[in-house]
Amino acid sequence: MRMIARVTCSLLLGCLLLGPSAAMNAAEAQELRDQYHQAPRDTVTQEVYDGWKQYNLNCARCHGEDVQGTTIAPHLLVSLKPEGPINTKELFIQTVCDGRPDRGMPAWCPLGMETPTIEKIYAYVKGRSDAKLGQGRPALKPGT
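Shown next as structure tokens:
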């Protein structure tokens, strides 16, 4: 009985010394997150991360969270496929810059969006279209 008490005390002391993070494994850590605070699944370059931010600031309200479209604007994951209507980087930049006024899309260049910003948005949307990036917020690669 004394031996069990001694082992239990040693284990508890070890957990206290190492801290709670050492006692938790990755699965337990994920369980602590809720649907609004998921751990990032993809690591991306600074350009793609900035594209994700710009997409969410400027495009997501119409084209939907995670580039999946809404009743207002199309599903860009399909639009950027090789057989899609916006199948090149140049066409994407032109479409964003000039807009599609007949479909309700504003021309973003006259509103102050510059080509480097559009290129970053393209890098993010293309990554989603090519299934290289999953849904949700990506994580920034260390050292980029």
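When you read off a place in the sequence shown, starting at 1, and then add 1, the result is the number in the numbering used here. All residues carry an ideal CB built from backbone N, CA and C; glycine is no exception. Please read all numbers here as calculations on a predicted model, not as lab measurements.
Grab me the residues of residue i's own chain with a C-beta within less than 6 Å of its C-beta, minus the 5 sequence neighbours each way, in chain order.
i	result
Ile73	Cys63
Lys90	Tyr123
Find the nearest neighbour of residue i within the set the options, judged by alpha-carbon distance.
i	options	result
Gly137	Leu58, Lys54 and Asp67	Asp67
Ile119	Asn59, Gly65 and Thr44	Asn59
Quick check: what's the CA-CA separation for residue i versus residue j?
i	j	result
Gly100	Tyr37	32 Å
Gly85	Pro143	34 Å
Arg1	Val97	As shown, the chain starts at 2 and ends at 145. That puts residue 1 outside it, with no answer to give.
Glu48	Pro107	24 Å
Lys82	Asp43	21 Å
Using the rule of at least 16 other Cβ atoms within 10 Å of the residue's Cβ for burial, across every protein chain shown, is residue i buried or exposed?
i	result
Lys121	buried
Ala124	buried
Gly154	The structure shown has nothing for residue 154, since the chain only spans 2 to 145.
Asp131	exposed
Since residue i is in the alpha helix (DSSP H), which residue starts that stretch and which ends it?
i	result
Cys63	Ala61 to His64
Asp99	Lys90 to Asp99
Ile119	Thr116 to Ser130
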